[in-house]
Amino acid sequence: MFRQSQHELVIKTRDRAFHEFTGQLETLVRRAGLKTGLATIHLQHTSASLLIQENADPEVRRDLERFFARLVPDGDPLFWHTAEGKDDMPAHIRTALTTVNLSIPIIEGNLALGTWQGIYLWEHRTRPHSRRVVVHLLGE
Amino acid sequence: MFRQSQHELVIKTRDRAFHEFTGQLETLVRRAGLKTGLATIHLQHTSASLLIQENADPEVRRDLERFFARLVPDGDPLFWHTAEGKDDMPAHIRTALTTVNLSIPIIEGNLALGTWQGIYLWEHRTRPHSRRVVVHLLGE
Amino acid sequence: MFRQSQHELVIKTRDRAFHEFTGQLETLVRRAGLKTGLATIHLQHTSASLLIQENADPEVRRDLERFFARLVPDGDPLFWHTAEGKDDMPAHIRTALTTVNLSIPIIEGNLALGTWQGIYLWEHRTRPHSRRVVVHLLGE
Chain A
1083 MFRQSQHELV IKTRDRAFHE FTGQLETLVR RAGLKTGLAT IHLQHTSASL
1133 LIQENADPEV RRDLERFFAR LVPDGDPLFW HTAEGKDDMP AHIRTALTTV
1183 NLSIPIIEGN LALGTWQGIY LWEHRTRPHS RRVVVHLLGE
Chain B
1083 MFRQSQHELV IKTRDRAFHE FTGQLETLVR RAGLKTGLAT IHLQHTSASL
1133 LIQENADPEV RRDLERFFAR LVPDGDPLFW HTAEGKDDMP AHIRTALTTV
1183 NLSIPIIEGN LALGTWQGIY LWEHRTRPHS RRVVVHLLGE
Chain C
1083 MFRQSQHELV IKTRDRAFHE FTGQLETLVR RAGLKTGLAT IHLQHTSASL
1133 LIQENADPEV RRDLERFFAR LVPDGDPLFW HTAEGKDDMP AHIRTALTTV
1183 NLSIPIIEGN LALGTWQGIY LWEHRTRPHS RRVVVHLLGE
């Protein structure tokens, strides 16, 4: 019998960093009791991203951070939208370069992630934020 | 009762610019009469993108445009695929750096967008184009 | 009658290159017998991407490769995560800049792709890999 359910996760961030929430998503899938289906994850913001990346060596996330900091420099004089600070426009651009929604099949009751894949909220602002993630589960 | 419907939107572009079509999508969702479900939006082109970005200050879109124009310069001698002009290959690269499909939950009859999220077609070519967007709605 | 099915494709790569698999996906959709629905494609890796791009002039893919090689240089001294070689961290960053999941409507028994859209696995590592792609089909 097909069914769907919707959930909201709130992730508190303190500064520019990665927050893994794979475990919270897996708990939602398990509680929904779906064996086969589809999970859609949508972040309701424009200055933070969702990212699937390696969950083994933490240096991968630090290198991602270093690369994006160089690619989209805070305080770049190119930007006019600076009302909220020098990290404001870079946060929007980092979001555009990555994504705010993910779609992941559910197979045998689990998210069909690869061995080294973790699901992260990537906060791009340097000050604390409360980030809302909407999760839609569909299947049987 | 689960049901699905499919729709096509055609967006006429004149030059490199953002075209918001959040309202048209919300109208489709409302007419389909879905309370709970999933909207999938697919752009059938490789030189324009779909982007969820801030719908408040228009300077954000202008800064996005400035940044991408600097990151992927028109007429860069690196490019060999130049048959359609100096904006041709940059348009493909901008599309690769962003996306052509989006998946957004429908909650209580509305797209589950954040307060400041708008859905844009981002035209990357400098001349007019007619862009087709396919919308798949699923739910009950 | 709504139904869903799940499939796995394994794509063998030899070096950094694009591998089109649109035809294999279309075969899966045809065999599943779906007329109207949604295909979700998820790559279970963090150093290769899924990309929808032009399937006509192969120079487009070569220019994409040239651009990304310049944007994210192999062996960049910025990177600390270098255990697997100088292409390791660039592969993670190229993946973050593109995507690992796609959602494409199925219309009249076919993937709703544009005329020039092909679906590619983009291998970012320079040595051979075996890449797993999970395909979730849903519809009626």
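Chains as they are written, first to last, in our numbering: chain A, 1083 to 1222; chain B, 1083 to 1222; chain C, 1083 to 1222. For glycine and all other residues, C-beta sits at the position ideal for the given N, C-alpha and C. These figures come from a predicted structure and were not determined experimentally.
Hey, how far is the Cα of residue i from the Cα of residue j?
| i | j | result |
| --- | --- | --- |
| THR1102 of chain A | ASP1097 of chain B | Checking the displayed sequence, the identity of residue 1102 of chain A turns out to be Glu instead of Thr. Between GLU1102 of chain A and ASP1097 of chain B, the C-alpha separation is close to 40 Å. |
| GLN1199 of chain C | ASP1139 of chain C | 11 Å |
| THR1197 of chain B | GLU1090 of chain A | 15 Å |
| PHE1100 of chain C | LYS1094 of chain A | 38 Å |
| PHE1149 of chain A | GLY1191 of chain C | 42 Å |
| LYS1168 of chain A | LEU1219 of chain B | 39 Å |
| GLY1105 of chain A | PRO1187 of chain A | 16 Å |
| PRO1172 of chain C | PRO1159 of chain C | 11 Å |
| ASP1145 of chain C | THR1181 of chain C | 18 Å |
| GLN1135 of chain A | LEU1179 of chain C | 11 Å |
| ILE1175 of chain B | SER1212 of chain C | 26 Å |
| MET1083 of chain B | PHE1084 of chain C | 11 Å |
| VAL1092 of chain B | GLU1141 of chain A | 44 Å |
| GLN1229 of chain A | ILE1189 of chain B | Nothing in the structure corresponds to residue 1229 of chain A, since chain A is present only between 1083 and 1222. |
| TRP1204 of chain C | GLU1166 of chain A | 37 Å |
| PRO1210 of chain C | TRP1162 of chain A | 45 Å |
| ASN1137 of chain B | LEU1195 of chain A | 33 Å |
| GLY1157 of chain C | ASN1183 of chain A | 31 Å |
What would DSSP say about residue i, mapped onto helix, strand or coil?
| i | result |
| --- | --- |
| LEU1182 of chain B | Checking the sequence shown, residue 1182 of chain B turns out to be Val, not Leu. Coil. |
| GLU1141 of chain C | helix |
| GLY1105 of chain C | helix |
| THR1095 of chain C | strand |
| GLU1222 of chain B | coil |
| HIS1211 of chain B | strand |
| LEU1125 of chain A | strand |
| PHE1100 of chain C | strand |
| ALA1130 of chain C | strand |
| GLU1205 of chain A | strand |
| HIS1163 of chain C | coil |
| PRO1172 of chain A | helix |
Tell me, which residues are paired with residue i by DSSP?
| i | result |
| --- | --- |
| ALA1194 of chain C | The partner list for ALA1194 of chain C (beta bridge, DSSP) is empty, contrary to what the question assumes. |
| GLY1200 of chain A | A:GLN1135 |
| PRO1187 of chain C | C:LEU1120 |
| HIS1089 of chain C | C:VAL1217 |
Under 8 Å, do residue i and residue j count as touching if we go by C-beta distance?
| i | j | result |
| --- | --- | --- |
| ILE1201 of chain B | LEU1153 of chain B | no |
| THR1177 of chain C | ASP1170 of chain C | no |
| HIS1127 of chain B | VAL1216 of chain B | no |
| GLY1221 of chain A | GLN1086 of chain C | yes |
| THR1118 of chain C | SER1185 of chain C | no |
| SER1129 of chain A | ARG1207 of chain A | yes |
| LEU1107 of chain B | LEU1193 of chain B | yes |
Quick check: the region 1144–1163 of chain B against the region 1103–1123 of chain C, are at least 3 beta-carbon pairs closer than 8 Å? Put simply, the region 1103–1123 of chain C does not touch the region 1144–1163 of chain B. Fewer than three CB pairs are less than 8 Å apart.
Looking at chain E, which residues of the region 1113–1145 of chain A have a Cβ within less than 9 Å of any of its Cβ atoms? Absent from the structure: chain E. Protein chains present are A, B and C.
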